[in-house]
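Trainee: Got a structure for you, questions after.
In this note's numbering, the protein residues as written are -9 to 429.
What follows is the structure, given as structure tokens:
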């Protein structure tokens, strides 16, 4: 249970690697995994200040359903003597980990036994972190990493939007439709007696170094970076993904384990440089948490689009295929028909805010476009605000109104963006409400 002994922190990690033979998720595939390159981990950080006990768990996974995340958060809260609204479970969005959501795959591909085992391990690692609580001090810093994440929506000379992974003549590309976000945020927590307890690093990226024809389990470059940081500093390194819905790696350049290592090394090196520059450590930092929910409406779908989807589905049953990246028309059609069959006009959308000294983390249960993340950061110029995407559930892509009008992948129901065009305004308005409770 929480106490009044001042700022304390504890951290732990646990192996959550699935068995070989599980199906991988993030890109359509026609066969299951056949090897393990490196283990997947869940990492937990428990921090306490007075009666406020907060838990952050990060996982080398694609994402979690809202229902699963809610159940896990509730169980973790019970195990560590806290409340579920003070527990955040965030995923890296790893495209070479086990099927968790059934985005492009039959739900039969989800290994239910793995989900049960995973739940137990997430509770276990959180309890272990709480058992390690000790007097601590906290510092924040930020910098940039500019080599591994690019804005992926590109204008062509004929006025279309293509993705940076699509095969398109380079001389016909005008340039990116918007800017990415190279900011890298870091929170370093040290024991007052010496040594690193934990490092949180936040960066907007798409961990899909391996294309769809990869069937090997790996934590990709965020996992490599976390291991590198832990070897250098000790303690536990927790990666949280930023607003990554419109950024990606460099097309099909280095879509292999050489690319995994290169990107991981670059990210890890940048984090270590920021850690080295953090000179001011607080022994009595502001520690707060807040939760806020609001109604997020779904998009409207035109009758013409529904007719197209029905025509595609009626042609023949969808067969399993492996794609290097992107999704097929058959998958788009299924997304559309699933969307129009929803019984509700929208969904309760949850934001959780964690205040750690001068840093604030705001969770999003999905993949917000990078532009939305920049807007959210601008709401708190006096603080170091970072978006934690793919946290506490998964509801799909969240595009801007501008991108929705321009078109392209992830800007409509057919490609996994279910929310109305005013989603960015609603998120920013409600983030402001959350921030008033964290200041």
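For every residue, glycine included, the Cβ atom is placed at its ideal position computed from N, Cα and C. Nothing here was measured: the structure is a model prediction, and the numbers come from that model.
Of all the options 231, 4, 11, which has the alpha carbon lying nearest to the alpha carbon of residue 30?
Mentor: Of the listed residues, the one whose Cα sits closest to residue 30 is 4.
Trainee: Would you call the CB atoms of residue 384 and residue 359 closer than 9 Å?
Mentor: Not closer than 9 Å, so no.
Trainee: Apply the 10 Å Cβ neighbour rule to residue 270 and answer buried if 16 or more other Cβ atoms are within range, or exposed otherwise.
Mentor: Per the 10 Å Cβ criterion, exposed.
Trainee: Alpha carbons only, please: which of 236, 275, 122 is nearest the one belonging to residue 140?
Mentor: Of the candidates 236, 275, 122, the one whose C-alpha sits nearest the C-alpha of residue 140 is 236.
Trainee: Can you name, in chain order, every residue of its own chain whose Cβ lies under 7 Å from the Cβ of residue 330, other than the five neighbours on each side?
Mentor: 291, 296.
Trainee: Is residue 58 helix, strand or coil by DSSP?
Mentor: In this structure, residue 58 counts as helix in the three-state DSSP scheme.
Trainee: What residue range does the beta strand (DSSP E) around residue 286 cover?
Mentor: Element bounds for residue 286: 277 to 287.
Trainee: Between residue 38 and residue 95, is the Cβ-Cβ spacing less than 9 Å?
Mentor: No, the pair does not count as a contact, with Cβ atoms beyond the cut-off.
Trainee: Classify residue 115 as helix, strand or coil using the three-state DSSP reduction.
Mentor: Helix at residue 115.
Trainee: Taking the Cβ atom as the reference point for each residue, do residue 189 and residue 398 lie within a distance shorter than 9 Å?
Mentor: No. Outside cutoff.
Trainee: Could you spell out where the alpha helix (DSSP H) holding residue 227 opens and where it closes?
Mentor: No alpha helix (DSSP H) holds residue 227; the beta strand (DSSP E) holding it covers 226 to 231.
Trainee: Going by alpha carbons, who is nearest to residue 423 out of 225, 343, 105, 144?
Mentor: Here the closest residue by C-alpha is 343.
Trainee: Which value, in whole angstroms, describes the spacing of the CA atoms of residue 168 and residue 143?
Mentor: Roughly 8 Å between the two C-alpha positions.
Trainee: Checking the sheet assignment: what are the DSSP bridge partners for residue 353?
Mentor: Answer by DSSP bridge pairing, in chain order: 378.
Trainee: Do you know how far the Cα of residue 319 is from the Cα of residue 305?
Mentor: Taking the straight line joining both Cα atoms gives about 12 Å.
Trainee: Here's the rule I'm using: 16 or more other beta-carbon atoms within 10 Å means buried, otherwise exposed. How should residue 62 be labelled?
Mentor: The residue is buried, with at least 16 neighbouring Cβ atoms inside 10 Å.
Trainee: Is there contact here, the stretch 251 to 263 with the stretch 368 to 381, by at least three beta-carbon pairs under 8 Å?
Mentor: No, the stretch 251 to 263 does not touch the stretch 368 to 381.
Trainee: Counting along the chain, where does the beta strand (DSSP E) carrying residue 42 start and finish?
Mentor: Element bounds for residue 42: 42 to 49.
Trainee: What does the alpha-carbon distance come out to for the pair residue 77 and residue 150?
Mentor: Answer to the nearest angstrom: the Cα atoms are 42 Å apart.
Trainee: Three or more beta-carbon pairs under 8 Å between the stretch 16 to 23 and the stretch 78 to 97, yes or no?
Mentor: Result yes; three or more Cβ-Cβ pairs closer than 8 Å.
Trainee: Looking at residue 198 and residue 174, is the spacing between their C-beta atoms short of 9 Å?
Mentor: Not a contact, by the Cβ cut-off of 9 Å.
Trainee: Per DSSP, residue 146 forms a beta bridge with which residues?
Mentor: Partner(s): 163.
Trainee: Once DSSP output is grouped into helix, strand and coil, what is the label at residue 358?
Mentor: Looking at residue 358 - three-state DSSP - the assignment turns out to be strand.
Trainee: Please determine, among 340, 166, 294, 155, the residue with the shortest C-alpha to C-alpha distance to residue 317.
Mentor: Residue 155 is the option with its Cα nearest to residue 317.
Trainee: Please report the straight-line C-alpha distance between residue 27 and residue 248, rounded to a whole angstrom.
Mentor: Roughly 12 Å between the two C-alpha positions.
Trainee: By Cβ distance, which residues of its chain are closer than 6 Å to residue 375, with the 5 residues on each side in sequence left out?
Mentor: Hits under 6 Å: 350, 367.
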